[in-house]
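A short worksheet on the structure shown next.
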Amino acid sequence: MDSFNPLTQNSAVNGLITAISRNTEDGVLSRHLGAQSWYIVADYLHPHAYERGHLLISQGAQDRNLYFLETGNLKVDVKTDSGLMQLAILGPGTVVGEGSFFSRLPRSASVVAYSNCKVWTMSPEDFETLGKKHPTVALSLSMALSAIMATRMLDVSKRIAST
Numbered sequence: 479m480d481s482f483n484p485l486t487q488n489s490a491v492n493g494l495i496t497a498i499s500r501n502t503e504d505g506v507l508s509r510h511l512g513a514q515s516w517y518i519v520a521d522y523l524h525p526h527a528y529e530r531g532h533l534l535i536s537q538g539a540q541d542r543n544l545y546f547l548e549t550g551n552l553k554v555d556v557k558t559d560s561g562l563m564q565l566a567i568l569g570p571g572t573v574v575g576e577g578s579f580f581s582r583l584p585r586s587a588s589v590v591a592y593s594n595c596k597v598w599t600m601s602p603e604d605f606e607t608l609g610k611k612h613p614t615v616a617l618s619l620s621m622a623l624s625a626i627m628a629t630r631m632l633d634v635s636k637r638i639a640s641t
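Per my numbering, residue 479 is the first one in the sequence shown, and the count goes up by one each step.
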């Protein structure tokens, strides 16, 4: 069995791993997956740089991608009968999109780049491939995402923020 050597892994994801390890609000990601697992997950992530104001997730959309935030901030808003309501400003090391990722339901909120940011995306197809090749890592990621979703659902102000 090969031993883990971070020098031979995808070093482009180091910034994301650092952001996740420093996140104090959604620290669940770092509790469920260590650096070695994130290097495996990295092979199924796609980096994107977005400028402030870019719409990542549109409320009501049918897509199911996950978005892991490395740098910058994301704003979560929901349209209601009373107008636009801001639910959260999220910082580096968090994830959005977990609600629709699991439920296959339309997006419950919109997510906009609140500042210039770097985001890593994972499609359901990428996750399925991860699950076939690395089932233990995929299970750990599922548990982390489920824990984040449950935490957000318990926080009344963030219930609808499980995008």
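The beta carbon of each residue, even a glycine, is placed where N, CA and C say it ideally should be. Note that the coordinates shown come from a computational prediction; the quantities given were computed from them, not determined experimentally.
Length of the line joining the Cα atoms of residue i and residue j
i: Pro-602; j: Val-554; result: 21 Å
i: Ile-518; j: Val-615; result: 8 Å
i: Thr-496; j: Leu-619; result: 17 Å
i: Phe-546; j: Ser-536; result: 16 Å
i: Asp-480; j: Asn-543; result: Residue placement at Asp-480 cannot be trusted, given a pLDDT of 40 that sits under 50; what the coordinates show is reported in the next sentence. Approximately 31 Å, taken between the alpha carbons.
i: Phe-482; j: Gln-514; result: Bear in mind that the predicted position of Phe-482 carries a pLDDT of just 41, short of 50, making it unreliable; the figure below should be weighed with that in mind. Distance between the alpha carbons of Phe-482 and Gln-514 is about 7 Å.
i: Glu-503; j: Gly-575; result: 17 Å
Start-to-end residues for the alpha helix (DSSP H) that takes in residue i
i: His-510; result: 506 to 510
i: Leu-544; result: Taken as a continuous stretch (DSSP letters only), Leu-544 belongs to no alpha helix (DSSP H), being part of the beta strand (DSSP E) at 544 to 549.
i: Gly-609; result: 602 to 611
Spatial neighbours of residue i in its chain, beta-carbon cut-off 6 Å, leaving aside the 5 residues before and after
i: Ala-527; result: Lys-596
i: Asn-594; result: Glu-529, Arg-530, Gly-550
Whole-number beta carbon distance between residue j and residue i, since they are thought to touch under 8 Å
i: Val-491; j: Leu-552; result: So it is not a contact: roughly 19 Å between Cβ atoms.
i: Gly-609; j: Glu-548; result: The Cβ separation is near 23 Å, so there is no contact.
Start and end residues, beta strand (DSSP E) containing residue i
i: Gln-514; result: Unbroken run through Gln-514 is the alpha helix (DSSP H), 513 to 520; no beta strand (DSSP E).
i: Gly-577; result: First-last for Gly-577: 576 to 581, but that is the alpha helix (DSSP H), not the beta strand (DSSP E).
i: Gly-493; result: Segment 492 to 500 is the alpha helix (DSSP H) holding Gly-493; no beta strand (DSSP E) there.
i: Gly-561; result: 561 to 568
i: Pro-584; result: Looking at the DSSP string, Pro-584 is not in any beta strand (DSSP E), and its letter there is neither H nor E.
i: His-526; result: 524 to 528
Same chain only: Cβ atoms within 7 Å of residue i, ignoring 5 sequence neighbours per side
i: Leu-533; result: Ser-588, Val-590
Same chain, Cβ closer than 8 Å to residue i, five either side skipped, listed in chain order
i: Tyr-522; result: Met-600, Asp-604, Phe-605, Thr-607, Leu-608
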